[in-house]
Amino acid sequence: MSRNDEMQPIQDSLIVDEVRRDSPIPATSDDPENPNQRLCDAMNAGEGTLTGYDCPVCKNKGVNYRLSPDTGSIVAVYCKCKAIREAKKNAQNSGLGDMLERCTMDTYRADLPWQRSALQTVQDFLSSPDGNWLYVGGQVGSGKTHLCAAATGELLRRGIRAKYVIWRTEDQYLRSRTNDQEYNKRMNELARVPVLYIDDFLKIENGEYQRTSTLGAPVPTGAEVRRAFELINARYNLRQSITIFSSEHRLREINAFDSGLASRILERCGKDRFVVGISRSADRNMRYAV
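My numbering puts the first residue of the sequence shown at 123, with every later residue one more than the last.
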């Protein structure tokens, strides 16, 4: 059953309350003389107090009332708007902010063959996301964040909880708490969120700490790679986790300084199935495009 289907009473045990079960008359939904049916109709007509989405079905109560065909009692069943409300709440808590509105699959510019190829890979990923990962790496300004934010937004709209983090900000936080309980707490949170989108994965500013370069991209420190590996390995071992990466490093560049990290990402990306590698070229920096 999809996340948007109305939950069935008793079996799914997400709700459901038996509100009243004292009807002496066999209950049918088309029997207006049944006192339980009259009460059920009155309860459905009442207005609720939920906010964030105006539902015409449950009138913002979050549940609809109906008669159980087995017992004749009134049962409360989650309304279909529950999935919509959860998706909105997840979006607010995701950290993506206004990117959810700006960065969509429809607004991605796909005029050139390499753009169409990148878009197709993301669409393929969204057709089969469960337990799979998506990696988009390469040229600065080529729309990597747009594509990954669009993919994350689509999963949020499907009712899946997601978290957006910028790698440098997150790594600085973890680095400052290496010997602190907050380190383990934060690692656990990031490891267990159903969808984690890591933007600018292993991003290094040119010349920072005088790091050497390989294959055109600066190399992160060993400590930074170890923190990345700890997080990625934890998510790798949770087989239903979905992880989305955008990075200036193409995956083969990560393989050059840590093959264990790269191989885990590659495996969960279905080998090359959900990997986008955008070659470095000034004409692919769309921030300068006219």
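Every residue gets a Cβ at the ideal spot worked out from N, C-alpha and C, and that includes glycine.
Please report the straight-line C-alpha distance between residue i and residue j, rounded to a whole angstrom.
i, j, result
"V398", "R308", "29 Å"
"A205", "L218", "19 Å"
"G259", "A404", "15 Å"
"T229", "L241", "11 Å"
"D144", "Q159", "At D144, the pLDDT of 39 sits below 50, so the modelled position is not reliable; the number obtained from the coordinates is stated separately. Roughly 12 Å separates the two Cα atoms."
"I366", "N310", "17 Å"
"R357", "R402", "29 Å"
"L222", "Q362", "23 Å"
"C225", "P191", "46 Å"
"E194", "P178", "Strictly speaking, residue 194 in this sequence is Gly, with Glu absent from that position. When rounded, the distance between both Cα atoms is 26 Å."
"K202", "R349", "41 Å"
"V63", "T173", "Residue 63 cannot be examined here, being either before or after the span of the chain that is shown, 123 to 412."
"R314", "T300", "19 Å"
"Y331", "C270", "Note that Y331 has pLDDT 38, beneath the 50 cutoff, so the model's placement of it is unreliable and no number is given."
"R290", "A378", "20 Å"
"E128", "C162", "Its pLDDT being 31, under 50, E128 is placed unreliably in this model, and the coordinates cannot settle the point."
"C180", "D246", "35 Å"
"L234", "D394", "21 Å"
"T171", "A164", "16 Å"
"T422", "R390", "An answer regarding residue 422 cannot be provided, because it is not within the stretch 123 to 412 covered by the chain."
"R279", "R231", "21 Å"
"I400", "V341", "18 Å"
"D220", "K211", "14 Å"
"G168", "D252", "39 Å"
"D302", "N359", "24 Å"
"I376", "S298", "24 Å"
"S239", "A345", "35 Å"
"Q237", "R406", "9 Å"
Of all the options the options, which has the alpha carbon lying nearest to the alpha carbon of residue i?
i, options, result
"V244", "L277, D220 and M221", "L277"
"L418", "I354, R224 and N156", "With the chain represented from 123 up to 412, any question about residue 418 goes unanswered, as that position is not in the structure."
"Q261", "L373, A378 and L388", "L373"
"Y200", "D192, N212, K183 and D293", "K183"
"Y88", "L383, R409, R406 and N186", "Residue 88 lies beyond the range of the chain shown here (123 to 412); nothing can be said about it."
"H371", "G275, L388, S216 and K325", "K325"
"H268", "W236, M227, L234 and D302", "M227"
"R207", "D220, Y175, R238 and Q237", "Y175"
"G392", "Y305, R238, S250 and K211", "S250"
Cβ of residue i within 8 Å of Cβ of residue j?
i, j, result
"A209", "G263", "no"
"N254", "F396", "yes"
"A213", "L248", "no"
"D380", "V347", "yes"
"S385", "D322", "no"
"M408", "G275", "no"
"I387", "I364", "no"
"N186", "N166", "yes"
"Y305", "L312", "no"
For residue i, which residues does DSSP report across the bridge?
i, result
"S369", "G259"
"L189", "I196"
"V398", "V258"
"V287", "I320"
"I364", "V317"
message: Using a Cβ distance threshold of 8 Å, determine whether the region 284-296 contacts the region 311-329, with at least three qualifying pairs required.
response: yes
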